[in-house]
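J.: This is the structure I want to talk about, given as structure tokens.
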Amino acid sequence: MSNFEEFARAVGKDVKNIKEQQLTKSEFNSKDCITGNSEYDFLKRSVQELEKQNKLLQEQLALVKPAPRRAPMAYMLDRTTVPWTIWFDNGCGLQMPSYSETATIYGYGQNIDLQSKKWQQFPIVGNIISLSSGNLTLDNVKNTVDAIYWADDTTVLNSIKNKDDYDWANARCGEEGAKEQWQWRREANIIRVMYQLGIWDAKTVESLGAVRR
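Numbering (this note's numbering), first residue to last: 2 to 214.
The following block contains the structure:
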């Protein structure tokens, strides 16, 4: 007998064994391992019930929606990063690489007014929370804003809104007046950050000169 014939016979034997081991419903019920004709139906119903429960769970999961993210009302300072990071309770982060570890800008060791009605040159975070809570109004910002420490590299992490929604080049909080031109231009960064953090909406930033892309 050739090797091929031996192989074919072995395969045929395996197939026969598999067929002999397959059980019909009646054969399954007649086995000694299962008592009574109801066991098969019981197992079948159990599987069907599990399938229904799984389907219901999937439907419930589909209805679950994440809570909407809103403007920040609290924060913490993370000094383990370089630059330091201000993390807000809405999940956004704020970094200022030009002043990466400057305590006065970030508010480290500072007495910060979080309910100010007037724009503060620093710390930065006081203005953000005051604006978010409504204590610092847009009109007050226009009259008292000072963007000296709002550099172009001021970065919002995990922002609520996309900075690329707008062209910020001509966005300003107020008139140039006696301000240095570079300082006046930095007001665009304030407007951008407030938009990204979810504090100012589209209508507000557009009224300040932002142009939708």
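Note that CB positions come from ideal geometry on N, CA and C, so glycine has one too.
Computed from a predicted structure; not experimentally measured.
#1: Of the residues Gly135, Thr105, Thr103, Ala104, which one's Cα is nearest the Cα of Lys118?
#2: When we look at the beta-carbon of Ile129 and count the other beta-carbons within 10 Å, is it buried (16 or more) or exposed?
#3: Does the distance from the C-beta atom of Leu198 to that of Pro73 stay below 8 Å?
#4: Mind checking Tyr196: buried by the 16 CB within 10 Å criterion, or exposed?
#5: Looking at the unbroken beta strand (DSSP E) that takes in Trp85, where does it start and where does it end?
#6: Is the beta carbon of Val146 closer than 8 Å to that of Ala172?
#7: Reducing DSSP to helix, strand and coil, say where Asp79 ends up.
#8: Distance, Cα to Cα, Gln216 vs Gly92?
#9: For Arg214, which three-state DSSP category applies?
#10: Taking the alpha-carbon of Asp168 as reference, which of Arg193, Thr138, Leu78, Cys174 has the nearest alpha-carbon?
#11: Leaving out five residues on either side along the sequence, give the residues of the same chain with a beta carbon under 8 Å from the beta carbon of Phe8.
#12: Identify every residue that forms a DSSP beta bridge with Phe89.
#13: How far does the beta strand (DSSP E) with Leu158 in it reach, from first residue to last?
#14: Is the CB-CB distance between Leu139 and Gly127 below 8 Å?
#15: Comparing alpha-carbon positions, which option in Trp85, Thr105, Gly110 lies nearest Met97?
#16: Which runs of the beta strand (DSSP E), 3 residues or longer, sit entirely within the stretch 106-160?
#17: Would you kindly work out how many angstroms separate the C-alpha atoms of Ile19 and Val65, rounded to a whole number?
#18: For Leu209, does the three-state DSSP call read helix, strand or coil?
#19: Which partner residues does Asp168 have in the DSSP bridge list?
#20: How far does the alpha helix (DSSP H) with Arg193 in it extend, from its first residue to its last?
#21: Under the rule that 16 or more other beta-carbon atoms within 10 Å means buried, what is Asn190, buried or exposed?
#22: Roughly how many angstroms separate the alpha carbons of Gln54 and Gln61, rounded to a whole number?
T.: Taking the definition as stated:
#1: Of the residues Gly135, Thr105, Thr103, Ala104, the one whose Cα lies closest to the Cα of Lys118 is Gly135.
#2: Flag for Ile129 reads buried.
#3: The answer is yes: Cβ separation under 8 Å.
#4: Here Tyr196 is buried. Its C-beta has 16 or more other C-beta atoms within 10 Å.
#5: Where Trp85 is concerned, there is no enclosing beta strand (DSSP E), given that its DSSP letter is neither H nor E.
#6: Ala172 is not a Cβ neighbour of Val146, given a cutoff of 8 Å.
#7: It is a strand residue.
#8: Only positions 2 to 214 of the chain appear in the structure, and residue 216 is not among them; the question remains open.
#9: In this structure, DSSP gives Arg214 a state outside helix and strand, which the three-state scheme calls coil.
#10: With respect to the C-alpha of Asp168, the residue from Arg193, Thr138, Leu78, Cys174 having the closest C-alpha is Arg193.
#11: Legend: pLDDT at Phe8 = 48, less than 50; position of this residue unreliable, no value from coordinates given.
#12: DSSP links Phe89 through a beta bridge to Tyr76.
#13: From DSSP, the beta strand (DSSP E) with Leu158 extends over 156-158.
#14: 8 Å or more divides the Cβ of Leu139 from the Cβ of Gly127.
#15: Comparing C-alpha distances from Met97 to each of Trp85, Thr105, Gly110 shows the shortest one belongs to Trp85.
#16: For the stretch 106-160, whole beta strand (DSSP E) runs of length 3 or above, ordered along the chain, are 156-158.
#17: Because the pLDDT at Ile19 is just 46, under 50, the model does not fix this residue reliably, and the value given afterwards should be weighed accordingly. Looking at the two C-alpha atoms, the distance is approximately 46 Å.
#18: Of the three classes helix, strand and coil, the one that applies to Leu209 here is coil, per DSSP.
#19: According to DSSP, which records beta bridges pairwise, Asp168 is partnered with Val212.
#20: It spans 188-197 - the alpha helix (DSSP H) in which Arg193 sits, taken as one unbroken run.
#21: Under this definition Asn190 is a buried residue.
#22: Distance between Gln54 and Gln61, taken at the CA atoms: about 11 Å.
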